[in-house]
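Working notes for the structure below.
Protein chains in written order, with our numbering: chain A, 33 to 146; chain B, 97 to 212.
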């Protein structure tokens, strides 16, 4: 069984605060780690796909890092805005034997108060 | 066009009904997926189609029957569902099948299904 764990489950911050949350996963047979943002009543939207240990990706105020040896990824939001309020999902694909399977964590729900 | 369109957005059905969920994309993607999400749980993979052929069936009960009539369309036929099948059903597509690649998924907004 492949467990992808995200923490915290939910987070409330004030506008302007910077925040980060964690995705943990088994490090064996790692292939790729995805981050998705899911706003209420909308479709999940891909933020990043990372494959290499030490990868860092950035999109505006959002960035992510990846450590495949210890099995975790961090997502950072700098200067949170109310429009950042969403559920952030990470998902893992493994190598051979699991082709096509993207396994999701439960998500971190972020609420940014104006 | 980077949209994945799902219809209907909401569906209420009885346990004896037959209904279908539809998903459409025009991005030229050759992999399409059905995921099921129950409240407070992560999306769970149900089926994967790659080049219009069923690639993965995650041991889904036969009351769910997927169909991929062409590269742009994906259906999920529902028959004799149980109340515990009530969930959000998400469709997604990617340029190629994930796993062994770094393809990201494009999602529809889902069909919220209630089985009475």
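Even glycine gets a Cβ: it sits at the ideal position worked out from N, Cα and C.
What does residue i reach in chain B if we use C-beta pairs closer than 7 Å?
i: residue 64 of chain A; result: 198
Along the beta strand (DSSP E) that carries residue i, what are the first and last residues, could you check?
i: residue 78 of chain A; result: 77–82
i: residue 114 of chain B; result: 114–121
i: residue 106 of chain B; result: 106–109
i: residue 43 of chain A; result: 42–46
i: residue 37 of chain A; result: 37–39
i: residue 171 of chain B; result: 169–175
i: residue 89 of chain A; result: 88–91
i: residue 126 of chain A; result: 118–126
i: residue 140 of chain B; result: 140–146
i: residue 211 of chain B; result: 207–211
i: residue 125 of chain B; result: Per DSSP, residue 125 of chain B belongs to no beta strand (DSSP E) and is neither H nor E.
i: residue 153 of chain B; result: 149–153
i: residue 100 of chain A; result: Careful: residue 100 of chain A lies outside any beta strand (DSSP E) and carries neither H nor E.
i: residue 65 of chain A; result: 62–70
i: residue 50 of chain A; result: Premise fails: residue 50 of chain A is in no beta strand (DSSP E) and is neither H nor E.
i: residue 142 of chain A; result: 140–145
i: residue 101 of chain B; result: 100–103
Applying the criterion that 16 or more other CB atoms from any shown protein chain within 10 Å of the CB defines a buried residue, is residue i buried or exposed?
i: residue 93 of chain A; result: exposed
i: residue 193 of chain B; result: buried
i: residue 135 of chain B; result: exposed
i: residue 44 of chain A; result: exposed
i: residue 82 of chain A; result: buried
i: residue 129 of chain A; result: For residue 129 of chain A, the predicted model reports a pLDDT of 48, less than 50, meaning its position is unreliable and no value from the coordinates is stated.
i: residue 71 of chain A; result: exposed
i: residue 51 of chain A; result: buried
i: residue 60 of chain A; result: exposed
i: residue 147 of chain B; result: exposed
Going by beta-carbon coordinates alone, are residue i and residue j separated by less than 8 Å?
i: residue 150 of chain B; j: residue 182 of chain B; result: no
i: residue 145 of chain A; j: residue 46 of chain A; result: yes
i: residue 189 of chain B; j: residue 121 of chain B; result: yes
i: residue 87 of chain A; j: residue 79 of chain A; result: no
i: residue 128 of chain B; j: residue 170 of chain B; result: yes
i: residue 39 of chain A; j: residue 103 of chain A; result: no
i: residue 108 of chain A; j: residue 117 of chain A; result: no
i: residue 179 of chain B; j: residue 211 of chain B; result: yes
i: residue 105 of chain A; j: residue 48 of chain A; result: no
i: residue 139 of chain A; j: residue 138 of chain B; result: yes
i: residue 68 of chain A; j: residue 121 of chain A; result: yes
i: residue 119 of chain B; j: residue 145 of chain B; result: no
By the criterion of Cβ-Cβ separation under 7 Å, what are the contact partners of residue i in chain A?
i: residue 203 of chain B; result: 75, 76
i: residue 139 of chain B; result: 136
In this structure, how does DSSP classify residue i when only helix, strand and coil are distinguished?
i: residue 199 of chain B; result: coil
i: residue 180 of chain B; result: helix
i: residue 114 of chain A; result: helix
i: residue 156 of chain B; result: coil
i: residue 74 of chain A; result: coil
i: residue 85 of chain A; result: coil
i: residue 132 of chain B; result: strand
i: residue 190 of chain B; result: strand
i: residue 109 of chain A; result: strand
i: residue 165 of chain B; result: strand
i: residue 57 of chain A; result: coil
Would you say the beta carbon of residue i comes nearer than 7 Å to a heavy atom of the ligand ADP?
i: residue 193 of chain B; result: This structure lacks the ligand ADP; in fact it carries no ligand of any kind.
In chain A, which residues lie with their C-beta within 9 Å of the C-beta of residue i?
i: residue 100 of chain B; result: 75
Mind pulling the chain B residues with CB within less than 8 Å of residue i?
i: residue 139 of chain A; result: 138
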